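A short worksheet on the structure shown next.
Residue numbers (this note's numbering), protein chains in the order written: chain A, 1 to 266; chain B, 1001 to 1359.
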C-alpha cells in the first residue's frame, strides 16, 4: 500500500515550523513580559510591577492620544462600513456591467497602492485645503482613515452578500415587497454579521495605522501609534510596552470576534 | 373569454449568450382555474418562461397579458402572481408563520386579517403545530409546504411552481402530487407548474405544453400528449415509443391509411391540420400493441427476448424490415402469451393506434 503523502514527514518540517513561530511570537511575548518590568529598561528584567500601566494611564499625552485614536477609529469605521455596504450592494446586486472588475479594483485600491504613496498624496492634497480653508481639525485624519478602511470593510460584506441565496430577495419581491423593503426586511437582517465583521476589521486597521496618520496629522494630533513612535525617538521606557500590550489585547479580541461573526450562520 | 395568462410570441435571448435563444416566440393561453404544466428537459426554456411571467426576467420581444392587462412593464412586486421556488427560498430569519404572512404584510393587510389567513393556510398545508419554528428546524417536505402556503396566502390569481417537488424523495413526491392537485381544486387558483418529470406532468395537469430547445412542441391534455404525440421529440420524451416506418396511402382529416413495410395497410392518426404525404414515421406505444401469429400480425418478425417485470412483460421483437419493436403486456397469473424466444410472430395494433409524427 502506497504511503499517503504527509508534509509533516518532510525533513526539516518541524524545525522550520518552530523557527517561524519563535520569530513571529517571541518578540511579542517579550514585549508583553517587559511591560511588567519594575525597572526602567526594556531589556533588563528587574522584577514584576504594574508601574508602567499606571504611568501610561496617568500620562495626559497618552490619554489624549487614546481618545483621539478612538474617535478617529469610530468615525472611520462607521463611515467606511456604510460606504462599503453600498459598494458591496452595487457590485453584487446589479446585472453585470462593463468595467465591473475595474470598479472592484478601484474599491480595493488602498490594498494595492503603497501606503507611503497615499500618505504623501494626502499630505499634499490636505495641505492645499488647509491653506485654502484654514481648517486644521481631526476631519482630515477621519477622511484619510475612512479611505483606507473601505476595502477592509468591503471584503467581508461582499463575501456575505455573494454567499446569500438570491432567490430569497426574489421571493420577497414576488411577495409584493418593493426594493427598499426587500433590503430592510430580507437582505439587511442576513447581512448584519458581515457588516459587524467589516466594521470591526476597519476599526482595528484604523487604530493601528502609523504611516498615513504620521503624514496627515497636524501639530498636537498624535494618535496612540504615532505617540509611541515619537516616544521611541527619545527615551524608551516599558510604558511603550504597556500601551502596546493593551492595543494587542484589543486587536486580538476584535479579530476573534470577527472570525466568530464570519462563521456565524444566519 | 380572456385567458388568465396570455403569452404572445414571447422571446428571450440572454445578453450574455446572444447565440442561444432561450425562448423562441412562444404563444400560449392559460385558462382560469387551470393546472397547466410546462414540461421539458433542462435548458428547454420552461423556467425562462415562468420567470418572465413572475417578472424576474424581461422578454426580448413579445407580449404577456393577464386577464387582458399588460404585464410587461410591471416589476415582480406589482404582479398578482406568486411563486413557489425550487429551493423554496424560505426566509431563514423568520418563523414559519412570519414566512407565510410576509406577502400579506407587504400588501398592508390589517394584523387580524393576516393572522386569520396565516392560520387558514397552515391548516390547509397541515403545518399548524409548526407555526413558531424557525425554517431551519423543519424537514424538507415541511419546508415545501411552508413555501406553498406562503405563495398561496396572498390569494394570487396565478401561482407559479418551479420544479417544487424535485428535492423531495420518491414517496413524499407522490403524496405531494396528489396534495398539489387537491390544493389547486380547493383554491381555484390557476397553477402554472414547471417540471422535467413526465409522470408529474401526466398525473397532475389539465393541460401540458411540451418544450424543447426554447420551443413549444405540443400543447394538449395528458391523454392527447401521451396517446397522440404530434412529433418525434414529444413521442420520445414522454413514455416509451416504437417508431415504425410507413407510407401514407390516402388520408381524410385526421384519419390516414398508411402502408407498412410488410405491405399491409392500417388506419393511423394524422396530427390536426397536417397534410403529410409519402414516407412518414408512426409512433406506437408498447402497451398499445400486441403479439400474435405471423399470419395475423401487421409486422412479421422473430421474438428475440422476453423480459419479465412483475406487473408486465416486455417482448422484444426483431422485425423483418430490420427495425426493433417492443410490446408490453400486463401479466396475469392465469394467462401466458404462448410464445417464447426464437418464435416467428407478428406485431399487431388496432386501427387509429398508430400516430403519424411530424419530424
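Where is the CB? At the ideal position from N, CA and C, for every residue including glycine.
A quick note: this is a predicted structure, and the numbers were derived from the prediction, not measured.
Exercise for the section: Quick one: measure Cβ to Cβ for residue 1021 of chain B and residue 1013 of chain B, integer angstroms, because I've assumed they're closer than 8 Å. Expected result: Along the second chain, one-based indexing puts residue 1021 of chain B at 21. Along the second chain, one-based indexing puts residue 1013 of chain B at 13. About 6 Å; that satisfies the 8 Å criterion.
Exercise for the section: State yes or no: is the C-beta of residue 86 of chain A nearer than 7 Å to some heavy atom of the ligand PLP? Expected result: Ligands in the displayed structure: none, and consequently the ligand PLP is not present.
Problem - Beta-ladder partner(s) of residue 1211 of chain B, from DSSP - result: Reading the second chain from its first residue, position 211 is the one you call residue 1211 of chain B. For residue 1211 of chain B, which the question treats as bridged, DSSP gives the partners B:1216.
Handout entry: Top-ranked residue by Cα proximity to residue 1010 of chain B, from B:1216, B:1170, B:1329 and B:1200
Key = On the second chain, position 10 is the one that residue 1010 of chain B refers to. Cα-wise, what sits closest to residue 1010 of chain B is B:1216.
Problem - Cutoff 8 Å: residue 1014 of chain B Cβ touching any chain A Cβ - result: Stepping through the second chain from its first residue, residue 1014 of chain B is reached at position 14. Not one chain A Cβ lies under 8 Å of residue 1014 of chain B.
Problem - Min CB distance residue 189 of chain A to chain B below 8 Å - result: Taking the first residue of the first chain as position 1, residue 189 of chain A is located at position 189. True, the Cβ-Cβ gap to chain B drops below 8 Å.
Handout entry: Contact list for residue 1122 of chain B against chain A, beta-carbon separation under 7 Å
Key = Looking up residue 1122 of chain B in the second chain gives position 122. Per Cβ cutoff of 7 Å: no residues; residue 1122 of chain B is ~16 Å from chain A at best.
Exercise for the section: Decide if residue 52 of chain A is buried, meaning its Cβ has at least 16 other Cβ atoms within 10 Å, or exposed. Expected result: For the purposes of this step, residue 52 of chain A is identified with residue 52 of the first chain, where counting begins at 1. Label assigned to residue 52 of chain A: buried.
Exercise for the section: Kindly indicate if chain A contains any beta-carbon less than 8 Å away from that of residue 1042 of chain B. Expected result: Residue 1042 of chain B sits at position 42 when you count from the first residue of the second chain. Not one chain A Cβ lies under 8 Å of residue 1042 of chain B.
Handout entry: Own chain partners of residue 1060 of chain B with C-beta closer than 8 Å, once the 5 adjacent residues on each side are dropped
Key = Counting from one through the second chain, the residue named residue 1060 of chain B turns up at place 60. These residues qualify, in order along the chain: 1011, 1012 and 1013.
Problem - Top-ranked residue by Cα proximity to residue 1193 of chain B, from B:1148, B:1253, B:1170 and B:1063 - result: By one-based count along the second chain, residue 1193 of chain B stands at place 193. The residue with the shortest Cα to Cα distance from residue 1193 of chain B is B:1148.
Problem - residue 44 of chain A, enclosing alpha helix (DSSP H) - first and last residue - result: Position 44 of the first chain holds residue 44 of chain A. Taken as a continuous stretch (DSSP letters only), residue 44 of chain A belongs to no alpha helix (DSSP H), as it is neither H nor E.
Handout entry: Inter-residue Cα distance where the pair is residue 1101 of chain B and residue 1074 of chain B
Key = Looking up residue 1101 of chain B in the second chain gives position 101. Looking up residue 1074 of chain B in the second chain gives position 74. Spanning the two alpha carbons is a distance of roughly 23 Å.
Problem - Per-residue contacts from residue 1107 of chain B into chain A (C-beta, under 9 Å) - result: Within the second chain, numbered from 1, the residue matching residue 1107 of chain B stands at position 107. Going along chain A in sequence order, the residues near residue 1107 of chain B (Cβ under 9 Å) are 175 and 176.
Problem - Residue of B:1309, B:1043, B:1291 and B:1314 minimising C-alpha distance to residue 1350 of chain B - result: Here residue 1350 of chain B corresponds to residue number 350 of the second chain, with the count starting at 1. Cα-wise, what sits closest to residue 1350 of chain B is B:1291.
Practice task
Starting from the Cα of residue 1004 of chain B, find the closest Cα among B:1081, B:1019, B:1255 and B:1106 and give me that residue.
Solution key: Translated into the one-based positions of the second chain, residue 1004 of chain B becomes position 4. Ranking B:1081, B:1019, B:1255 and B:1106 by Cα distance to residue 1004 of chain B puts B:1081 first.
Exercise for the section: Look at the alpha carbon of residue 1024 of chain B and the alpha carbon of residue 1228 of chain B, and state the distance between them as a whole number of angstroms. Expected result: Start at 1 with the first residue of the second chain, and residue 1024 of chain B comes out as number 24. Start at 1 with the first residue of the second chain, and residue 1228 of chain B comes out as number 228. Distance between the alpha carbons of residue 1024 of chain B and residue 1228 of chain B: 24 Å.
Handout entry: Coarse secondary structure for residue 200 of chain A, derived from DSSP in three states
Key = Stepping through the first chain from its first residue, residue 200 of chain A is reached at position 200. Residue 200 of chain A falls in the helix class under three-state DSSP.
Practice task
Report yes or no: is there a C-beta of chain B within less than 8 Å of the C-beta of residue 100 of chain A?
Solution key: Numbered from its first residue, the first chain carries residue 100 of chain A at position 100. Judged by the 8 Å Cβ criterion, residue 100 of chain A is not in contact with chain B.
Practice task
Using a threshold of 8 Å, state whether the C-beta atoms of residue 1083 of chain B and residue 1162 of chain B are closer than that.
Solution key: What you label residue 1083 of chain B is simply residue 83 of the second chain in a count that begins at 1. What you label residue 1162 of chain B is simply residue 162 of the second chain in a count that begins at 1. In contact: residue 1083 of chain B and residue 1162 of chain B (Cβ atoms closer than 8 Å).
Problem - Contacting residues, own chain, Cβ-Cβ under 7 Å from residue 187 of chain A (five flanking each side not counted) - result: Translated into the one-based positions of the first chain, residue 187 of chain A becomes position 187. Excluding residues within five positions, the ones whose Cβ falls inside 7 Å are 169.
Practice task
Could you work out which residues of chain B lie near residue 209 of chain A, taking near to mean beta carbons separated by less than 8 Å?
Solution key: Translated into the one-based positions of the first chain, residue 209 of chain A becomes position 209. Ordered by position in chain B, no residue passes the 8 Å Cβ test against residue 209 of chain A, which lies about 35 Å from the chain.
Problem - Cβ pair residue 157 of chain A, residue 88 of chain A closer than 8 Å - result: Within the first chain, residue 157 of chain A is the residue found at index 157, counting from 1. Within the first chain, residue 88 of chain A is the residue found at index 88, counting from 1. Cβ distance < 8 Å, so residue 157 of chain A and residue 88 of chain A count as in contact.
Exercise for the section: Give the interface partners of residue 165 of chain A over in chain B, defined as CB-CB distance under 8 Å, in chain order. Expected result: The sequence position of residue 165 of chain A within the first chain is 165, counting from 1. Near residue 165 of chain A (Cβ distances below 8 Å), the residues of chain B are 1087 and 1089.
Exercise for the section: Pick helix, strand or coil for residue 1368 of chain B, following the three-state DSSP scheme. Expected result: No answer is possible for residue 1368 of chain B: the residues shown for chain B start at 1001 and end at 1359.
Handout entry: residue 1104 of chain B, buried or exposed, once every other Cβ within 10 Å from all chains shown has been counted against 16
Key = Residue mapping note: residue 1104 of chain B aligns to position 104 of the second chain, counting from 1. When all chains shown are included, residue 1104 of chain B counts as buried.
Practice task
Examine the Cβ distances between the region 50-67 of chain A and the region 75-88 of chain A and report whether three or more of them are shorter than 8 Å.
Solution key: no
Problem - Alpha-carbon to alpha-carbon, residue 1326 of chain B and residue 1174 of chain B - result: Along the second chain, read from residue 1 onward, the residue named residue 1174 of chain B stands at position 174. Along the second chain, read from residue 1 onward, the residue named residue 1326 of chain B stands at position 326. Rounded to the nearest angstrom, the two C-alpha atoms are 28 Å apart.
Handout entry: Contacting positions in the region 1090-1105 of chain B - beta carbon closer than 7 Å to chain A
Key = 1091, 1092, 1093, 1102 and 1103
Practice task
Kindly list the residues whose CB is nearer than 7 Å to the CB of residue 1225 of chain B, restricted to its own chain and excluding five residues on each side of it in sequence; keep chain order.
Solution key: Numbered from its first residue, the second chain carries residue 1225 of chain B at position 225. Answer for residue 1225 of chain B: 1208, 1210, 1218, 1234 and 1238, listed in chain order.
Practice task
Starting from the N-terminal side, write out each stretch of the beta strand (DSSP E) that is 3 residues or longer and does not extend beyond the region 1022-1106 of chain B.
Solution key: 1023-1030, 1035-1039, 1061-1066 and 1081-1084
Problem - Collapsed DSSP secondary structure at residue 238 of chain A in the structure displayed - result: In the first chain, the residue the question calls residue 238 of chain A occupies position 238. Helix.
Practice task
Consult DSSP for residue 72 of chain A and reduce its assignment to one of helix, strand or coil.
Solution key: Here residue 72 of chain A refers to the residue found at position 72 of the first chain. Of the three classes helix, strand and coil, the one that applies to residue 72 of chain A here is helix, per DSSP.
Practice task
Take residue 159 of chain A as the anchor and find which of A:92, A:124 and A:96 has the nearest alpha-carbon.
Solution key: Numbered from 1 along the first chain, position 159 holds the residue referred to as residue 159 of chain A. The candidate whose alpha carbon is nearest that of residue 159 of chain A is A:92.
Exercise for the section: Let me know if residue 1331 of chain B comes out buried or exposed under the rule of 16 or more other beta-carbons within 10 Å of its beta-carbon. Expected result: For this step, residue 1331 of chain B is matched to residue 331 along the second chain. Under this definition residue 1331 of chain B is an exposed residue.
Exercise for the section: State the start and end residues of the unbroken alpha helix (DSSP H) segment that holds residue 163 of chain A. Expected result: The residue given as residue 163 of chain A occupies position 163 in the first chain. That run of the alpha helix (DSSP H) goes 139-163.
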